[in-house]
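Novice: The structure's right below; bear with me while I get my questions together.
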Amino acid sequence: MKKQFDKREYVIPQIKLPYAMGRKVFWMKKQDGFGDRSWSEYFVFLTKRAGIKLRDSMSEQIEEGTKDHLMDMWMMNFADNLPFIRFGDNLTMEVPEKPVIRTIADLGRPEPTLEKPPDGSAVIIGRGPSVWKNRYKLDGEDANHLDLLSKYVKEKKYKGAVCASDGMLIECLKHDIIPEITVSVDGSPIITKWYDHPLVKKHGSRLKIILPSTINHQVYKTCIANGCQVYWFSPMLDMPTRLETFTRIMGFLTKTRKEDKNLVAGQAGGNCGSCAWIMAMELLKRSPCAFIGIDMGYPEGTNLEDTPYFSSVLPQIKEQPQMMEHVYVKIHHPIYKTDAYFDAAFHHYRQAIIDMQKNTLQWYRHYGGTINCTEGGTLWGAGIECTTFKEFLDKYPT
Numbered sequence: 000m001k002k003q004f005d006k007r008e009y010v011i012p013q014i015k016l017p018y019a020m021g022r023k024v025f026w027m028k029k030q031d032g033f034g035d036r037s038w039s040e041y042f043v044f045l046t047k048r049a050g051i052k053l054r055d056s057m058s059e060q061i062e063e064g065t066k067d068h069l070m071d072m073w074m075m076n077f078a079d080n081l082p083f084i085r086f087g088d089n090l091t092m093e094v095p096e097k098p099v100i101r102t103i104a105d106l107g108r109p110e111p112t113l114e115k116p117p118d119g120s121a122v123i124i125g126r127g128p129s130v131w132k133n134r135y136k137l138d139g140e141d142a143n144h145l146d147l148l149s150k151y152v153k154e155k156k157y158k159g160a161v162c163a164s165d166g167m168l169i170e171c172l173k174h175d176i177i178p179e180i181t182v183s184v185d186g187s188p189i190i191t192k193w194y195d196h197p198l199v200k201k202h203g204s205r206l207k208i209i210l211p212s213t214i215n216h217q218v219y220k221t222c223i224a225n226g227c228q229v230y231w232f233s234p235m236l237d238m239p240t241r242l243e244t245f246t247r248i249m250g251f252l253t254k255t256r257k258e259d260k261n262l263v264a265g266q267a268g269g270n271c272g273s274c275a276w277i278m279a280m281e282l283l284k285r286s287p288c289a290f291i292g293i294d295m296g297y298p299e300g301t302n303l304e305d306t307p308y309f310s311s312v313l314p315q316i317k318e319q320p321q322m323m324e325h326v327y328v329k330i331h332h333p334i335y336k337t338d339a340y341f342d343a344a345f346h347h348y349r350q351a352i353i354d355m356q357k358n359t360l361q362w363y364r365h366y367g368g369t370i371n372c373t374e375g376g377t378l379w380g381a382g383i384e385c386t387t388f389k390e391f392l393d394k395y396p397t
């Protein structure tokens with residue numbers, strides 16, 4: 000019988016090496032006689048030289064096939080047993096006959112086209128200081144970005160969707176703004192404070208809260224106690240293309256008996272602001288999407304020693320004070336003409352948003368795409384327009 004070997008390919012993304020390392024690798028390739036041959040051939044040579052088998056044995060193929068066929072059942076059984084494993088035989092659970100389970104798939108809307116426009120625009124609200132820092136004159140009084148949005152919403156001059164990060168939900172409600180969706184990402188129990196408030200309870204039945212399956216359980220309980228509608232998703236912590244990845248296993252564990260479907264896996268962007276934008280674009284199908292409070296940096300004048308990242312790099316800065324300017328990089332916004340600083344975390348989040356613009360769909364870009372209205376911060380580049388928030392509200396009233 001002819002053996003059947005796995006013909007799948009394992010694609011390694013583009014790898015960037017330090018100059019010295021890259022020079023040595025190229026030299027090794029040439030010395031081994033593969034100077035003019037492909038890297039694929041050279042890798043085959045290296046693995047053979049290291050004694051690595053390039054094809055799975057029959058027993059390995061059977062093991063892989065068994066896992067692929069039975070992993071779904073194993074993980075669902077494990078999920079059913081897990082509460083009793085953790086809390087003991089005396090645990091009692093009441094399973095309703097008609098469970099109400101909401102996922103972000105329930106919020107999904109039809110894909111717009113170049114002929115069929117989206118329902119309208121969206122404002123994505125983060126907790127960055129620009130929300131409070133930028134000032135306008137409204138009825139003779141100073142107003143910030145949230146005051147401005149509140150006025151436009153109350154007077155029905157803006158009818159688009161408002162998508163809030165969890166830390167801005169209470170502030171939105173204080174300004175009589177009911178977000179269409181509110182997003183949480185962090186798994187810490189401290190996130191509970193954003194939902195444990197009388198205004199959240201008052202408006203709970205009108206609030207749609209998007210939570211990852213990794214959220215702290217107390218956050219979920221608080222949302223439900225306040226009458227909010229919770230929509231679940233599975234955060235994409237790694238690539239779910241292989242069976243053993245954590246994201247793939249979470250998909251198995253979160254499969255519901257109701258519909259026998261996994262939770263939808265989605266990119267969270269690493270922070271609430273980015274996630275709210277992704278949900279507005281991918282689920283609500285909104286365009287353009289305006290950013291306020293998504294600064295991805297600290298404005299000039301911020302005491303950097305008070306920032307969350309500082310304590311983790313303090314020992315390094317004490318030993319080498321000159322490292323301060325490398326840890327907190329100053330950046331000038333070429334359009335808003337403002338200065339800001341970003342640390343490693345903000346650099347990562349900033350770059351992720353910039354990179355994601357390259358993968359947005361044509362309809363999204365056609366109808367306006369991403370518009371930075373923070374009037375500061377660190378975001379600009381291909382696919383990101385920059386304007387004032389008032390100009391956006393006046394140009395896109397729906």
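If you're matching positions, the sequence shown starts at 0 in numbering that gives the first Met the number 0 and goes up one per residue.
Note that beta-carbon positions come from the ideal geometry of N, C-alpha and C, so glycine has one too.
Among residues of its own chain, excluding the 5 on either side of Glu299, which ones have a beta-carbon nearer than 6 Å to its beta-carbon?
Specialist: Translated into the one-based positions of the sequence shown, residue 299 becomes position 300. Cβ neighbours of Glu299 beyond the five flanking positions: Asp338.
Novice: Taking Cβ positions, are Gly376 and His347 nearer each other than 8 Å?
Specialist: Within the sequence shown, residue 376 is the residue found at index 377, counting from 1. Within the sequence shown, residue 347 is the residue found at index 348, counting from 1. Cβ distance not < 8 Å, so Gly376 and His347 don't count as in contact.
Novice: Pairs of beta-carbons, one from the region 84-94 and one from the region 241-255, closer than 8 Å: are there three or more?
Specialist: no
Novice: Taking just the CA atoms, how far does Leu81 sit from Phe4?
Specialist: Stepping through the sequence shown from its first residue, residue 4 is reached at position 5. Stepping through the sequence shown from its first residue, residue 81 is reached at position 82. Any reading at Phe4 must be qualified, since the residue scores a pLDDT of 43, below 50, and its modelled position is unreliable; the value itself is stated next. The alpha-carbon separation between Phe4 and Leu81 amounts to approximately 36 Å.
Novice: Nearest-angstrom Cα distance between Ile352 and Val152?
Specialist: Mapped onto the sequence shown, residue 352 falls at position 353. Mapped onto the sequence shown, residue 152 falls at position 153. Between the alpha carbons of Ile352 and Val152 lies a gap of roughly 27 Å.
Novice: How far does the alpha helix (DSSP H) with Ala381 in it reach, from first residue to last?
Specialist: Here residue 381 refers to the residue found at position 382 when the sequence shown is read from its first residue. Unbroken run through Ala381: none, as it is neither H nor E.
Novice: Assign Tyr366 to buried or exposed, taking buried as 16 or more other Cβ atoms, counted over all protein chains shown, within 10 Å of its Cβ.
Specialist: For the purposes of this step, residue 366 is taken as the residue at position 367 of the sequence shown. Buried, because 16 or more other Cβ atoms sit within 10 Å of the Cβ of Tyr366.
Novice: Asn371 by DSSP, collapsed to three states: which one?
Specialist: Within the sequence shown, the letter at position 372 stands for residue 371. It is a strand residue.
Novice: Can you have a look at Thr397 and say buried or exposed, based on whether 16 or more other CB atoms are within 10 angstroms of its CB?
Specialist: Your numbering for residue 397 matches position 398 in the sequence shown. The residue in question, Thr397, is exposed, as its Cβ has fewer than 16 Cβ neighbours within 10 Å.
Novice: Taking the continuous beta strand (DSSP E) assigned at Gln474, which residues delimit it?
Specialist: The displayed coordinates of the chain run from 0 to 397. Any statement about residue 474 would go beyond what the structure contains.
Novice: Within its chain, find whatever has a CB closer than 7 Å to the CB of Val229; leave out the 5 residues flanking it on each side and keep chain order.
Specialist: Here residue 229 refers to the residue found at position 230 of the sequence shown. For Val229, where only same-chain residues beyond five positions count, the Cβ hits under 7 Å are Arg101, Ile208, Leu210, Tyr219, Cys222, Ile223.
Novice: Return yes when the Cβ of Val161 is within less than 8 Å of the Cβ of His144, no when it is not.
Specialist: Stepping through the sequence shown from its first residue, residue 144 is reached at position 145. Stepping through the sequence shown from its first residue, residue 161 is reached at position 162. The answer is no: Cβ separation not under 8 Å.
Novice: In angstroms with no decimal places, state the Cα-to-Cα distance between Glu384 and Ala289.
Specialist: For the purposes of this step, residue 384 is taken as the residue at position 385 of the sequence shown. For the purposes of this step, residue 289 is taken as the residue at position 290 of the sequence shown. Distance between the alpha carbons of Glu384 and Ala289: 9 Å.
Novice: Using beta-carbon positions only, say whether Leu148 and Ile180 come within less than 8 Å of one another.
Specialist: As a position in the sequence shown, residue 148 is number 149, starting the count at 1. As a position in the sequence shown, residue 180 is number 181, starting the count at 1. No, these two residues do not count as a Cβ contact at 8 Å.
Novice: Tell me whether the region 275-288 and the region 93-111 touch, counting them as touching only if at least three CB pairs, one residue from each stretch, are closer than 8 Å.
Specialist: yes
Novice: Buried or exposed for Val263, please, with buried defined as at least 16 other CB atoms from any protein chain shown within 10 angstroms of its CB.
Specialist: By one-based count along the sequence shown, residue 263 stands at place 264. Val263 should be labelled buried.
Novice: Pull up the distance between the alpha-carbon of Gln350 and that of Trp193, whole angstroms please.
Specialist: The residue given as residue 350 occupies position 351 in the sequence shown. The residue given as residue 193 occupies position 194 in the sequence shown. Each residue's alpha carbon lies about 27 Å from the other.
Novice: Helix or strand or just coil, what does DSSP make of Thr210?
Specialist: As a first step, residue 210 must be located in the sequence shown, where it is residue number 211. In the sequence on display, residue 210 carries Leu and not Thr. Looking at Leu210 - three-state DSSP - the assignment turns out to be strand.
Novice: Would you kindly check if the distance between the Cβ of Gly380 and the Cβ of Thr359 is under 8 Å?
Specialist: Residue mapping note: residue 359 aligns to position 360 of the sequence shown, counting from 1. Residue mapping note: residue 380 aligns to position 381 of the sequence shown, counting from 1. No, they are not a contact pair.
Novice: With a threshold of 6 Å on Cβ separation, who are the neighbours of Val199 within its own chain once the five nearest residues in sequence on each side are excluded?
Specialist: In the sequence shown, the residue the question calls residue 199 occupies position 200. So the list reads Asn225, once near-sequence residues are dropped.
Novice: Which of the three DSSP states, helix, strand or coil, is assigned to Leu137?
Specialist: Counted from its first residue, the sequence shown places residue 137 at position 138. Strand at Leu137.
Novice: Apart from the five residues just before and just after Pro128, which ones in its own chain have a Cβ nearer than 7 Å to its Cβ?
Specialist: Position 129 of the sequence shown, counted from the first residue, corresponds to residue 128. The residues are Asp294, Pro298.
Novice: Only counting the same chain, and skipping five residues up and downstream in sequence, which positions put a Cβ closer than 7 Å to that of Glu93?
Specialist: Start at 1 with the first residue of the sequence shown, and residue 93 comes out as number 94. Within the same chain, Glu93 has no close Cβ partners at all.
Novice: Give me the Cα-Cα distance between Phe405 and Glu154, rounded to the nearest whole angstrom.
Specialist: Since the displayed the chain opens at 0 and closes at 397, residue 405 lies outside it and no answer follows.
Novice: For Lys23 and Gly64, I'd like the C-alpha separation in whole angstroms.
Specialist: The count along the sequence shown starts at 1 and reaches residue 23 at position 24. The count along the sequence shown starts at 1 and reaches residue 64 at position 65. Rounded to whole angstroms, Lys23 to Gly64 spans 40 Å at the Cα level.
Novice: Select from Gly21, Thr240, Val122, Phe83 the residue whose C-alpha is nearest the C-alpha of Ser273.
Specialist: Your numbering for residue 273 matches position 274 in the sequence shown. Of the listed residues, the one whose Cα sits closest to Ser273 is Val122.
Novice: Could you pull the start and end residues of the alpha helix (DSSP H) that Asp354 belongs to?
Specialist: What you label residue 354 is simply residue 355 of the sequence shown in a count that begins at 1. Where Asp354 is concerned, the enclosing alpha helix (DSSP H) stretches over 343-355.
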